[in-house]
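Visitor: One structure follows; several queries about it will come next.
In my numbering, the protein residues as written are 1 to 121.
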């Protein structure tokens, strides 16, 4: 019986190291140390969410309906998936940038006009 590749150890949740591949046609075996792709290392729940996200072409309303979850929950799952794949969540950086601009304005380091211009971008 063929199974999906495990991306995480079922005992400790550590990363799995693949050390052998075998061809089903000619029975050739390749041994070594192989790195799994980013998606193979995701927990099953995140892989399923990624498949639903792709199937629905990123339409959050459709994802909400299919999974029976709210908009914030969909966004949270997406943010978690982005982070698990090793990408920086750009949306999370924007509030920090805006906060920094407002703090600079409060300290008198920039004028209100400069703050408005900076907040536009």
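By construction, the Cβ of each residue, glycine as well, lies at the ideal position given by its N, Cα and C atoms.
Note that the structure is a prediction, hence the values are computed from the model and not measured.
1) Nearest by alpha-carbon distance to residue 2: which of 15, 17 and 22 is it?
2) Tell me, which residues are paired with residue 18 by DSSP?
3) Exposed or buried, which one is residue 116 when buried takes at least 16 other CB atoms within 10 Å?
4) Nearest-angstrom Cα distance between residue 108 and residue 83?
5) Under the rule that 16 or more other beta-carbon atoms within 10 Å means buried, what is residue 124, buried or exposed?
Guide: Reading from the atomic positions:
1) 22
2) 34
3) exposed
4) 35 Å
5) No information on residue 124 is available, as it lies outside the stretch 1 to 121 that the chain covers here.
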